[in-house]
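Residue numbers (the numbering used here): 1382 to 2001.
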């Protein structure tokens, strides 16, 4: 009998039962996956933390390019040479050799205290002839270096004798900037070829104004860091616009990575003062004064500042020495060293004299502060002036005229005349002249003379002259260890002539005429120079800055046509910039005052302006 075996029945699970059977397998897979991911994250975290602490251990601070690492009692000695050349109608050369010793007195994690010794072993100057030299001198200073200073000016402070001269302080700061440059990383525009920070302007007492200093650094060498800085005239703000001056600066320093100190440094500085008006030097023109400074500092082997010597320095009497943040300065100063009165030639009684000048009379109204001495005064007999017969004054005017505008040793000089006639009650006639140097008025108006109608009725002529010392003009442009200076020492002569010419005044026909001529002469001694510690040298000019007369005539004639009976006439006689020029030098003497100005030679003259012309002719 065949037995047929039925196939094994398949058990069909519902979807719900099927899901319950699959859950344990899928849960195990998820646990394994999550565990793996967690393990990876933990490993990454461990590696990251390890790397962070490893880097932190190897690089304790990243805000500086390199850290100073010296021991207490350690010494360093540098030889610093400065070669200075001044060229302008001739050449002067100066050399300043300085030996600088550093000794670490103590240190903390944030600062170092150095005792420094500066020996000016050779200060020499020469031109067409050997000008001379200064013997050796030694100065001590205490320097506090803040290793993580937030200041953008200097990373150090200087302490020394309270009587230290400001020029010496400038030289010391200039040398220390070369030997202890700022190493803050965020000051550098470019580090290791990569753009690091945006360029910001900086302020420094060693510079004439706000400047964008271009800084770059290379830290890739295993033994040293190389830093470079530079700027030119275009990197300054507009404060220098008063002076026609070109500036260029660059430096490079090699810094030892093992101790964070400079091993060698070079600084180059170039400055050109454009005269504007050239100096005629027998066939060729001198148009500028150029200054070049090359400074080289190198580390040398020397026991220059020993322990026993350091103990003899009285540090307790030291005070903090600061360079005043003068930047570019333009100031008026009292010329106390200049004569206050210069005797002129006697004033002629002739009515044709070109300079017949001012008066202490109550009718004269000069403005400006001065204490003068009347050198000549005279009055003339009264003429008949028919004021009551003349018709009503119909003219009314107020005008100004630029008589000249030139550049002299880089400074803009301008002379402006003004006239006004007011037909009020009473009428007023006035004329003035002012001089501006570098955009600043000199003593307000050099003269301002005005008469009212009732002051002219007596018909009495008058001539008086005054001479007085004016405020001087001083301009300073500090750069690096140098200071460019431009000085104007001024002597003024002011005057007035008042005439009632007999031929211009009569009863029949009715005529009247008043002639007034204020005059001014300003003689000047001007100097453009470069100073560095003991010495300064440059170009001088002596002569007439301006000599000007502004004759004005107010007249009336009854016989003239209607609308032309009253007339006002103004002319000028002008001489300006009549200077002889030469080369000079000076040594700083006792109490750090500049000594006698020594002239090496006179090399030419500025081209003077000589003009006579009519400014105004108006009738009404």
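Positions of the beta carbon are idealized from the N, C-alpha and C atoms, including for glycine.
According to DSSP, which residues form a beta bridge with residue 1816? Within the chain shown, residue 1816 is the residue found at index 435, counting from 1. According to DSSP, which records beta bridges pairwise, residue 1816 is partnered with 1796.
Mind checking whether residue 1595 and residue 1579 have CB atoms under 8 Å apart? Here residue 1595 corresponds to residue number 214 of the chain shown, with the count starting at 1. Here residue 1579 corresponds to residue number 198 of the chain shown, with the count starting at 1. No, the Cβ-Cβ distance between residue 1595 and residue 1579 is not below 8 Å.
Tell me, to the nearest whole angstrom, how far the beta carbon of residue 1659 is from that of residue 1673; I am working on the premise that it is less than 8 Å. Counting from one through the chain shown, the residue named residue 1659 turns up at place 278. Counting from one through the chain shown, the residue named residue 1673 turns up at place 292. With a Cβ gap of about 21 Å, residue 1659 and residue 1673 do not count as contacting.
Please classify residue 1892: is it buried, with 16 or more other beta-carbons within 10 angstroms of its beta-carbon, or exposed? Counted from its first residue, the chain shown places residue 1892 at position 511. Buried is the call here.
Rounding to the nearest angstrom, what Cα-Cα distance links residue 1326 and residue 1476 in this structure? No answer is possible for residue 1326: it lies beyond the span of the chain, which begins at 1382 and ends at 2001.
Taking DSSP as the reference, what is the three-state secondary structure of residue 1618? Here residue 1618 refers to the residue found at position 237 when the chain shown is read from its first residue. Assignment of residue 1618 by DSSP, reduced to helix, strand and coil, places it in the coil class.
Residue 1555 lies in the alpha helix (DSSP H); which residues open and close that run? The sequence position of residue 1555 within the chain shown is 174, counting from 1. Annotation for residue 1555: the continuous alpha helix (DSSP H) segment containing it runs 1547 to 1560.
Give me the Cα-Cα distance between residue 1911 and residue 1665, rounded to the nearest whole angstrom. Counted from its first residue, the chain shown places residue 1911 at position 530. Counted from its first residue, the chain shown places residue 1665 at position 284. Roughly 24 Å between the two C-alpha positions.
Three or more C-beta pairs below 8 Å linking the stretch 1929 to 1947 and the stretch 1783 to 1800: Because the criterion of three Cβ pairs below 8 Å is met, the stretch 1929 to 1947 and the stretch 1783 to 1800 touch.
Between which residues of its own chain and residue 1492 is the CB-CB distance below 7 Å, once the five residues before and five after are set aside? Position 111 of the chain shown, counting from 1, holds the residue named residue 1492. Excluding positions up to five away in sequence, the list reads 1525, 1526, 1527 and 1528.
Please work out which residues of its chain come closer than 6 Å, Cβ to Cβ, to residue 1366, disregarding the five sequence neighbours upstream and downstream, and give them in chain order. Beyond the ends of the chain as shown, which are 1382 and 2001, falls residue 1366; an answer cannot be given.
May I ask you to list the residues that DSSP assigns as paired with residue 1946? As a first step, residue 1946 is located in the chain shown; it is residue number 565 there, counting from the start. Its beta-bridge partners do not exist; DSSP assigns none.
Closest to residue 1588 by CA distance: which of 1650, 1544 and 1471 is it? In the chain shown, the residue the question calls residue 1588 occupies position 207. Distance check between residue 1588 and each of 1650, 1544 and 1471 places 1650 closest, using alpha-carbon atoms only.
Would you report the Cα separation of residue 1452 and residue 1968, rounded to the nearest angstrom? Within the chain shown, residue 1452 is the residue found at index 71, counting from 1. Within the chain shown, residue 1968 is the residue found at index 587, counting from 1. The alpha-carbon atoms of residue 1452 and residue 1968 are separated by roughly 41 Å.
Where does residue 1602 land, buried or exposed, given buried means 16+ other C-beta within 10 angstroms? By one-based count along the chain shown, residue 1602 stands at place 221. Exposed: under 16 other Cβ atoms inside 10 Å.
If I measure Cβ to Cβ from residue 1938 and keep anything under 6 Å in the same chain, skipping five residues before and after, which residues do I get? Locating residue 1938 in the chain shown gives position 557, counting from the first residue. The beta carbon of residue 1938 sits closer than 6 Å to the beta carbons of 1892 from its chain, once the five residues preceding and following it are set aside; these are given in chain order.
Let me confirm a value: residue 1473 is counted as buried when at least 16 other C-beta atoms fall within 10 Å, else exposed. Which label applies? By 1-based counting over the chain shown, the position of residue 1473 is 92. Buried, since its Cβ has 16 or more Cβ neighbours within 10 Å.
Starting from the N-terminal side, write out each stretch of the alpha helix (DSSP H) that is 4 residues or longer and does not extend beyond the stretch 1827 to 1901. Counting whole runs of 4 or more residues, the stretch 1827 to 1901 contains no alpha helix (DSSP H) stretch at all.
Leaving out five residues on either side along the sequence, give the residues of the same chain with a beta carbon under 6 Å from the beta carbon of residue 1548. Mapped onto the chain shown, residue 1548 falls at position 167. So the qualifying residues of the chain are 1914.
Quick one: Cα of residue 1844 to Cα of residue 1828, how far? Along the chain shown, one-based indexing puts residue 1844 at 463. Along the chain shown, one-based indexing puts residue 1828 at 447. Looking at the two C-alpha atoms, the distance is approximately 15 Å.
Other residues of its chain near residue 1552: CB distance less than 6 Å, five sequence neighbours each side excluded: Residue 1552 sits at position 171 when you count from the first residue of the chain shown. For residue 1552, where only same-chain residues beyond five positions count, the Cβ hits under 6 Å are 1862 and 1914.
Through-space distance from residue 1841 to residue 1778, alpha-carbon basis: The residue given as residue 1778 occupies position 397 in the chain shown. The residue given as residue 1841 occupies position 460 in the chain shown. Approximately 25 Å, taken between the alpha carbons.
Would you tell me roughly how many angstroms separate the C-alpha atoms of residue 1701 and residue 1540, rounded to the nearest one? Taking the first residue of the chain shown as position 1, residue 1701 is located at position 320. Taking the first residue of the chain shown as position 1, residue 1540 is located at position 159. Looking at the backbone, the Cα of residue 1701 and that of residue 1540 are separated by about 4 Å.
Using the Cβ count rule (16 or more neighbours within 10 Å means buried), how would you classify residue 1573? Counted from its first residue, the chain shown places residue 1573 at position 192. Residue 1573 sits exposed, since fewer than 16 C-beta atoms from the chains shown fall within 10 Å of its C-beta.
Rounded to whole angstroms, what's the CA-CA distance from residue 1854 to residue 1833? Just pull it up for me. In the chain shown, counting from the first residue as 1, residue 1854 sits at position 473. In the chain shown, counting from the first residue as 1, residue 1833 sits at position 452. Roughly 35 Å separates the two Cα atoms.
Residues that DSSP places opposite residue 1910 in a beta bridge: Locating residue 1910 in the chain shown gives position 529, counting from the first residue. Note: residue 1910 sits in a beta bridge opposite 1866 and 1919.
Taking Cβ positions, are residue 1819 and residue 1623 nearer each other than 8 Å? Here residue 1819 is taken as the residue at index 438 of the chain shown, counted from 1. Here residue 1623 is taken as the residue at index 242 of the chain shown, counted from 1. A contact, by the Cβ cut-off of 8 Å.
Going by the beta-carbon positions, is the gap between residue 1965 and residue 1974 smaller than 8 Å? Start at 1 with the first residue of the chain shown, and residue 1965 comes out as number 584. Start at 1 with the first residue of the chain shown, and residue 1974 comes out as number 593. No; because the gap between Cβ atoms is not below 8 Å, this pair is not in contact.
Cα-Cα separation, residue 1847 to residue 1537: For this step, residue 1847 is matched to residue 466 along the chain shown. For this step, residue 1537 is matched to residue 156 along the chain shown. The alpha-carbon atoms of residue 1847 and residue 1537 are separated by roughly 54 Å.
Any contact between the stretch 1875 to 1887 and the stretch 1555 to 1573? By contact I mean 3 or more CB pairs, one from each, below 8 Å. Because the criterion of three Cβ pairs below 8 Å is not met, the stretch 1875 to 1887 and the stretch 1555 to 1573 do not touch.
Can you name, in chain order, every residue of its own chain whose Cβ lies under 8 Å from the Cβ of residue 1577, other than the five neighbours on each side? By 1-based counting over the chain shown, the position of residue 1577 is 196. Taken in chain order, the residues that qualify are 1566, 1567, 1569, 1570 and 1571.
When you compare only the Cα positions, how much space is there between residue 1871 and residue 1852? Along the chain shown, read from residue 1 onward, the residue named residue 1871 stands at position 490. Along the chain shown, read from residue 1 onward, the residue named residue 1852 stands at position 471. Each residue's Cα considered, the two are about 7 Å apart.
Cβ pair residue 1654, residue 1790 closer than 8 Å: As a first step, residue 1654 must be located in the chain shown, where it is residue number 273. As a first step, residue 1790 must be located in the chain shown, where it is residue number 409. Yes, Cβ-Cβ distance for residue 1654 and residue 1790 is below 8 Å.
Nearest neighbour of residue 1562, chosen from 1681, 1648 and 1900 [CA to CA]: By one-based count along the chain shown, residue 1562 stands at place 181. Minimum Cα-Cα distance from residue 1562 among the listed residues 1681, 1648 and 1900 corresponds to 1648.
Pick from 1766, 1816 and 1767 that is closest to residue 1784, judged by C-alpha positions: If you number the chain shown from 1, residue 1784 lands on position 403. Checked all of 1766, 1816 and 1767; the closest Cα to residue 1784 is 1816.
Skipping 5 residues on each side, what residues in its chain have a beta carbon closer than 6 Å to that of residue 1934? The count along the chain shown starts at 1 and reaches residue 1934 at position 553. 1896 and 1950.
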